[in-house]
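Undergrad: Numbering (mature numbering (1 follows the signal peptide of the UniProt record, and there is no 0)), first residue to last: -29 to -1, 1 to 142. Just so it is clear, CB atoms sit at the ideal spot from N, CA and C, and this is done for glycine as well. Values in this document were obtained by computation on a predicted structure and should not be read as measured data. This is the structure, below, for whatever I ask next.
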Ligand code: HEC
């Protein structure tokens, strides 16, 4: 349901995303109509893509906080715990972030690859792996042992990488 809560803010951002999308394409006139397409979930493709990218940026930021602290000579345990706790919350409804029609063929700028919808069961299993690993990371962080947190962090990072390798376009 998080995706719904962010809808209003993201509607405001959608205009910016459109401007960005027009900058690089050969067919500047095409995206406007296509991005207004409403999907089965009641959101436009732009809203869906903006929402998931916003969530994933927050996850990336939380991961950087944990990584920076694990490298620090005096890690800020409270910061690690807060960041680790934010990931399962931020991604609770990740299974709903990639509805049919929200890939690059929509004309909306997205790094989500068509392979997601060609192998949805495998993609969903990668979400499940990630959810399990990030839940372990959050509970391990709560317990406060740096070495154990470091292991759980690596294990979670591997699930990000495993999905990105197959389903996210290279930057
Ligand atoms: C099940 C697949 C999957 C998992 C697991 C996953 N990601 Fe991603 N990630 C994606 C896809 C697909 C995109 C591209 C989304 C788009 O552009 O529409 C993405 C994009 C991102 C982005 C760029 C967001 C933006 O647009 O600026 C960041 C940052 C990111 N992921 C971080 C992470 C981190 C960190 C983890 C693990 C803690 C993770 N992701 C786990 C699939 C995944």
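Which of the three DSSP states, helix, strand or coil, is assigned to residue 41?
TA: Here residue 41 sits in helix by DSSP.
Undergrad: Tell me the rounded alpha-carbon separation between residue 136 and residue 130.
TA: Answer to the nearest angstrom: the Cα atoms are 10 Å apart.
Undergrad: In three-state terms, what does DSSP make of residue 15?
TA: Correct three-state label for residue 15: strand.
Undergrad: Classify residue 117: buried if its beta carbon has 16 or more other beta carbons within 10 angstroms, exposed otherwise.
TA: Exposed.
Undergrad: What residues in its chain sit with their C-beta under 6 Å from that of residue 16, if we drop five residues either side in the sequence?
TA: For residue 16, where only same-chain residues beyond five positions count, the Cβ hits under 6 Å are 6, 8, 73, 77 and 79.
Undergrad: Give me the Cα-Cα distance between residue 83 and residue 134, rounded to the nearest whole angstrom.
TA: C-alpha separation (whole angstroms): 11 Å.
Undergrad: Is residue 115 closer than 8 Å to residue 48 when the C-beta atoms are compared?
TA: Yes, these two residues count as a Cβ contact at 8 Å.
Undergrad: Identify, in the order they occur along the chain, each residue of the same chain with its Cβ nearer than 6 Å to the Cβ of residue 68, setting aside the five sequence neighbours on each side.
TA: Cβ within range, chain order: 23.
Undergrad: Which whole runs of the alpha helix (DSSP H) in the stretch 57 to 101 are 4 residues long or more, in chain order?
TA: Within the stretch 57 to 101, the complete alpha helix (DSSP H) runs of at least 4 residues are 86 to 89.
Undergrad: Identify the residues that DSSP records as bridge partners of residue 9: which are they?
TA: 15.
Undergrad: Can you check which of these residues, 103, 94 and 36, is closest to residue 63 by C-alpha distance?
TA: Comparing Cα-Cα distances from residue 63 to each of 103, 94 and 36, the minimum goes to 103.
Undergrad: Any idea if residue 105 is buried or exposed, counting beta-carbon neighbours within 10 angstroms, 16 or more meaning buried?
TA: When all chains shown are included, residue 105 counts as buried.
Undergrad: Throw me the rounded Cβ distance for the residue 56 and residue 109 pair, which I believe falls under 8 Å.
TA: Going by Cβ atoms, the distance from residue 56 to residue 109 rounds to 5 Å, so yes, they are a contact pair.
Undergrad: Taking 7 Å as the cut-off, is the CB of residue 105 close to at least one heavy atom of the ligand HEC?
TA: Within the cutoff, so yes.
Undergrad: Between which two residues does the alpha helix (DSSP H) containing residue 128 stretch?
TA: Where residue 128 is concerned, the enclosing alpha helix (DSSP H) stretches over 117 to 138.
Undergrad: Just checking residue 66 against the ligand HEC - is the residue's beta carbon closer than 7 Å to any of the ligand's heavy atoms?
TA: Flag unset: Cβ of residue 66 not near the ligand HEC.
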